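Enquirer: Just dropping this structure here.
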Ligand SMILES: *Cc1c(COP(=O)(O)O)cnc(C)c1O
């Protein structure tokens with residue numbers, strides 16, 4: 001049964017929830033009914049049991065090793081998605097001060113909008129340093145044009161705008177602690193965690209199932225939450241409780257651990273980054289070599305995880321989607337704000353799948369151009 005199911009797996013370019021490595025799903029399947037020979041699944045045991053706690057400790061240790069996370073950072077495994085962090089960040093860190101926000105697309109736009117709600121309630125001041133709106137978020141405003149605060153409590157940006165396919169590869173150089181939304185690029189390339197005050201990422205793009213959000217936060221940023229901050233959103237509290245203030249998303253956390261095992265077996269982040277670059281190069285090259293396809297993002301900011309592209313003749317969009325699906329290439333429809341197509345090529349999407357996509361694109365152009 002496993003073999004047939006595996007053979008039936010198709011190239012899946014979903015933006016999120018997104019593809020999970022087949023080997024991880026097979027392992028989860030094998031362990032499902034009889035986890036560690038206990039006659040129960042991992043979903044059916046207490047999150048406080050020593051066996052489950054061992055899983056969480058192992059997952060954290062693996063993530064620390066994969067990302068080379070320094071000891072003075074806490075790693076939290078929380079719930080509520082990246083979107084809840086848009087609220088948790090000002091509630092924990094604004095503390096009647098100022099915060100800087102860079103807007104480079106839909107997600108950083110939502111983050112600043114949510115922070116402004118708390119500023120409007122009197123929790124502090126939120127300063128949007130710049131927005132890429134004028135370029136339709138195909139470019140990042142030059143840093144010389146940013147209105148950076150002298151004394152910001154933090155500087156927030158989104159490292160990879162999933163919808164617009166725009167990635168900021170080098171962390172901005174500012175004095176305030178950097179906070180990065182890495183939901184769609186965590187573990188895709190090596191980064192220096194020590195350059196950040198906080199990194200957060202929902203799991204359902206580049207790690208595993210929805211329902212889990214990872215927060216990596218420098219210890220000196222803990223303990224400054226507003227009195228209005230809900231206890232479950234309070235980073236210091238969650239750090240003290242080892243992310244178990246209440247029942248965590250036990251299955252998602254377990255599965256994230258399996259994905260970390262898988263990534264280690266691939267050679268870690270450095271190794272997967274090489275493959276990610278090859279995949280992105282192949283796809284962008286195909287787009288750039290043709291006048292039939294277009295990607296509007298400034299070359300230095302083109303995402304290596306999410307590649308939106310349009311057809312010169314948008315009346316062919318529906319045909320492209322129908323024919324690509326018939327060819328077994330799934331979930332290529334672009335986001336409604338951008339239109340056209342989008343191929344999300346996260347860690348679990350193989351070079352072979354991207355090659356299939358590129359072959360299809362070239363054949364489609366021949367047929368319809
Ligand atoms: C998907 C995504 C989010 C929102 O994630 P939710 O889990 O739905 O809240 C936020 N930021 C980025 C960059 C994303 O890709």
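Numbering (the UniProt record's numbering), first residue to last: 1 to 369.
Even for Gly, the Cβ is constructed at its ideal location relative to N, Cα and C.
Keep in mind that this is a model prediction, so the values were computed, not measured.
#1: By alpha-carbon positions, which one of 341, 290, 76 and 328 ends up nearest to residue 315?
#2: Is it the case that the CB of residue 158 approaches a heavy atom of ligand 1 more closely than 7 Å?
#3: On the DSSP letters alone, give me the boundaries of the alpha helix (DSSP H) that residue 111 sits inside.
#4: Please confirm whether any heavy atom of ligand 1 lies closer than 7 Å to the CB of residue 256.
#5: Sort 126, 166 and 131 by Cα distance to residue 149 and report the nearest one.
#6: With DSSP run on the structure shown, which of helix, strand or coil describes residue 310?
#7: Just checking my contact of residue 18 with residue 344 at CB under 8 Å: how many whole Å lie between their CB atoms?
#8: Sort 286, 300 and 241 by Cα distance to residue 354 and report the nearest one.
#9: Kindly examine ligand 1 and report whether one of its heavy atoms sits closer than 7 Å to the Cβ of residue 113.
#10: Would you mind working out which of 257, 121 and 115 sits nearest residue 128, comparing C-alpha positions?
#11: Is any heavy atom in ligand 1 found nearer than 7 Å to the beta carbon of residue 253?
#12: My assumption, with CB atoms under 8 Å, is that residue 77 sits in contact with residue 243. Please give the rounded CB distance.
#13: Report whether the distance from the Cβ of residue 204 to the nearest heavy atom of ligand 1 is below 7 Å.
#14: Mind the definition here: the region 71–86 touches the region 208–217 only if three or more C-beta pairs lie below 8 Å; say whether that holds.
#15: Examine ligand 1 and report whether any of its heavy atoms sits within less than 7 Å of the Cβ of residue 132.
#16: When burial is assigned at 16 or more other CB atoms within 10 Å of the CB, is residue 227 buried or exposed?
#17: Going by DSSP, what residue range makes up the alpha helix (DSSP H) through residue 321?
#18: Measure from the alpha carbon of residue 32 to the alpha carbon of each residue in 59, 232, 41 and 87, then state which is nearest.
#19: How should residue 60 be labelled, buried or exposed, when 16 other C-beta atoms within 10 angstroms of its C-beta is the threshold for buried?
#20: Are the region 165–183 and the region 81–90 touching by the rule of at least three beta carbon pairs closer than 8 Å?
#21: Look up residue 358 in the DSSP assignment and say whether it is helix, strand or coil.
#22: Taking DSSP's pairing of strands, which residues face residue 343 in a bridge?
#23: Return helix, strand or coil for residue 50, following the three-state DSSP convention.
#24: Taking C-alpha atoms, which residue in 190, 151 and 187 lies nearest to residue 178?
#25: Residue 30 and residue 234: beta carbons closer than 8 Å?
#26: Taking three-plus beta-carbon pairs below 8 Å as touching, is the region 238–255 in contact with the region 187–201?
#27: Identify whether residue 210 lies in helix, strand or coil by the three-state DSSP scheme.
Expert: To lay it out plainly:
#1: Numbered from its first residue, the chain shown carries residue 315 at position 315. Closest by alpha carbon: 341.
#2: Locating residue 158 in the chain shown gives position 158, counting from the first residue. Within the cutoff, so yes.
#3: Within the chain shown, numbered from 1, the residue matching residue 111 stands at position 111. Per DSSP, residue 111 belongs to the alpha helix (DSSP H) from 106–120.
#4: By 1-based counting over the chain shown, the position of residue 256 is 256. No, since every heavy atom of ligand 1 falls outside the 7 Å radius drawn around the Cβ of residue 256.
#5: Position 149 of the chain shown, counted from the start, is the residue given in the question as residue 149. Nearest of 126, 166 and 131 to residue 149, Cα basis: 126.
#6: In the chain shown, counting from the first residue as 1, residue 310 sits at position 310. Note: residue 310 maps to strand in three-state DSSP.
#7: The count along the chain shown starts at 1 and reaches residue 18 at position 18. The count along the chain shown starts at 1 and reaches residue 344 at position 344. Their Cβ separation, rounded to whole angstroms, is 6 Å, which keeps residue 18 and residue 344 in contact under 8 Å.
#8: Translated into positions along the chain shown, residue 354 becomes position 354. For residue 354, the nearest C-alpha among the options comes from 286.
#9: Numbered from its first residue, the chain shown carries residue 113 at position 113. Answer for residue 113: no, Cβ out of range of ligand 1.
#10: Your numbering for residue 128 matches position 128 in the chain shown. Nearest option by C-alpha distance: 115.
#11: Position 253 of the chain shown, counted from the first residue, corresponds to residue 253. Flag unset: Cβ of residue 253 not near ligand 1.
#12: As a working note, residue 77 is residue 77 in the chain shown. As a working note, residue 243 is residue 243 in the chain shown. The pair is a contact, with the Cβ atoms about 5 Å apart (cut-off 8 Å).
#13: For the purposes of this step, residue 204 is taken as the residue at position 204 of the chain shown. Yes, the beta carbon of residue 204 sits closer than 7 Å to at least one heavy atom of ligand 1.
#14: yes
#15: As a first step, residue 132 is located in the chain shown; it is residue number 132 there, counting from the start. Every heavy atom of ligand 1 is 7 Å or more from the Cβ of residue 132, so no.
#16: Start at 1 with the first residue of the chain shown, and residue 227 comes out as number 227. Residue 227 should be labelled exposed.
#17: Working through the chain shown from its first residue, we reach residue 321 at position 321. Unbroken alpha helix (DSSP H) run through residue 321: 317–326.
#18: Along the chain shown, read from residue 1 onward, the residue named residue 32 stands at position 32. The residue with the shortest Cα to Cα distance from residue 32 is 41.
#19: Locating residue 60 in the chain shown gives position 60, counting from the first residue. Residue 60 is buried by the Cβ-count criterion.
#20: yes
#21: For the purposes of this step, residue 358 is taken as the residue at position 358 of the chain shown. Reduced to three states, the DSSP call for residue 358 is helix.
#22: One-based indexing of the chain shown puts residue 343 at position 343. Partner(s): 307.
#23: The residue labelled residue 50 in the question sits at position 50 within the chain shown. Here residue 50 sits in helix by DSSP.
#24: Taking the first residue of the chain shown as 1, we reach residue 178 at position 178. Measuring from the Cα of residue 178, the nearest candidate turns out to be 151.
#25: On the chain shown, residue 30 is found 30 positions in, with the first residue counted as 1. On the chain shown, residue 234 is found 234 positions in, with the first residue counted as 1. Going by C-beta atoms, residue 30 is not nearer than 8 Å to residue 234.
#26: no
#27: Here residue 210 refers to the residue found at position 210 when the chain shown is read from its first residue. Here residue 210 sits in coil by DSSP.
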